[in-house]
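The structure under discussion appears below in the form of structure tokens.
In the working numbering, the protein residues as written are 42 to 228.
Have a look at this one:
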């Protein structure tokens with residue numbers, strides 16, 4: 042159970058975003074790391090600060106395990122952060138590989154927000170699929186090693202009884218397919 046909890050903590054989207062954006066930034070054109078840090082501010086720091094605000098104001102009971110009923114509003118708010126930031130970053134010359142990864146956020150998050158009132162798509166599985174697709178598209182066969190995140194994430198979320206296989210599959214498919222579309226459009 043402890044191992045499953047540890048896996049669950051490190052496969053949260055904000056945690057996965059840190060090494061992913063840094064790796065993509067390193068591979069990108071000059072100033073890629075600076076762009077990666079800019080992406081991380083908007084995709085990780087701002088949402089975590091917003092989550093902290095929601096927790097302190099009593100709107101979210103447990104920031105580590107947000108109830109389905111508490112999830113939809115925050116997903117829409119962070120989507121709005123990302124739309125504004127993506128537009129600004131794209132106009133300023135965000136490198137293509139980072140543009141694809143960031144654009145995937147814009148596609149996946151609203152779809153998950155739309156699905157959440159009806160089902161409980163796994164955000165962890167969505168994050169693992171996002172990371173696996175991004176790294177594979179950016180680094181080719183070497184990026185395929187990241188696919189191991191998917192079964193490990195599925196295992197942890199199943200052991201912890203947080204998701205059914207259908208919910209894990211839904212998060213994986215939504216994110217995997219939309220991340221592919223985002224990279225195609227960003228090219």
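Even for Gly, the Cβ is constructed at its ideal location relative to N, Cα and C.
Taking 6 Å as the limit between beta carbons, can you name the residues of its chain near residue i, skipping five residues before and five after?
i: residue 169; result: 52, 190, 191, 194
i: residue 141; result: 223, 224, 227
i: residue 123; result: 146, 147
i: residue 166; result: 194, 209, 212, 213
i: residue 112; result: 157
i: residue 188; result: 173
Counting C-beta neighbours from all protein chains within 10 Å, is the total for residue i 16 or more, i.e. buried, or is it exposed?
i: residue 46; result: exposed
i: residue 211; result: buried
i: residue 181; result: exposed
i: residue 159; result: exposed
i: residue 129; result: exposed
i: residue 98; result: exposed
i: residue 88; result: buried
i: residue 198; result: buried
i: residue 79; result: buried
i: residue 186; result: exposed
Within the same chain, show all residues whose beta-carbon is closer than 8 Å to that of residue i, passing over the 5 residues directly before and after it, in chain order.
i: residue 116; result: 150, 151, 153, 154, 157
i: residue 6; result: Because the chain in this structure spans residues 42 to 228, residue 6 falls outside the shown range and cannot be described.
i: residue 42; result: 200, 201
i: residue 106; result: 203
Could you please give the first and the last residue of the uninterrupted alpha helix (DSSP H) stretch that includes residue i?
i: residue 165; result: 164-180
i: residue 152; result: 137-156
i: residue 205; result: Looking at the DSSP string, residue 205 is not in any alpha helix (DSSP H), and its letter there is neither H nor E.
i: residue 49; result: 43-51
i: residue 71; result: Neither: residue 71 is in no alpha helix (DSSP H) and is coded neither H nor E.
i: residue 97; result: 87-97
i: residue 189; result: Run containing residue 189: none; DSSP gives neither H nor E here.
i: residue 113; result: 109-133
Flag this pair as yes or no: are the beta carbons of residue i and residue j separated by less than 8 Å?
i: residue 229; j: residue 176; result: Since the displayed the chain opens at 42 and closes at 228, residue 229 lies outside it and no answer follows.
i: residue 172; j: residue 57; result: yes
i: residue 90; j: residue 163; result: no
i: residue 85; j: residue 55; result: yes
i: residue 83; j: residue 131; result: no
i: residue 161; j: residue 100; result: no
i: residue 81; j: residue 59; result: yes
Using C-beta distances below 7 Å, list every residue in its chain close to residue i, excluding the 5 sequence neighbours before and after it, in chain order.
i: residue 77; result: 62, 63, 65, 66, 139
i: residue 179; result: 65, 68, 138
i: residue 70; result: 136
Please check if any C-beta of chain D sits within less than 8 Å of the C-beta of residue i.
i: residue 112; result: No chain D is present in this structure, which holds just one protein chain.
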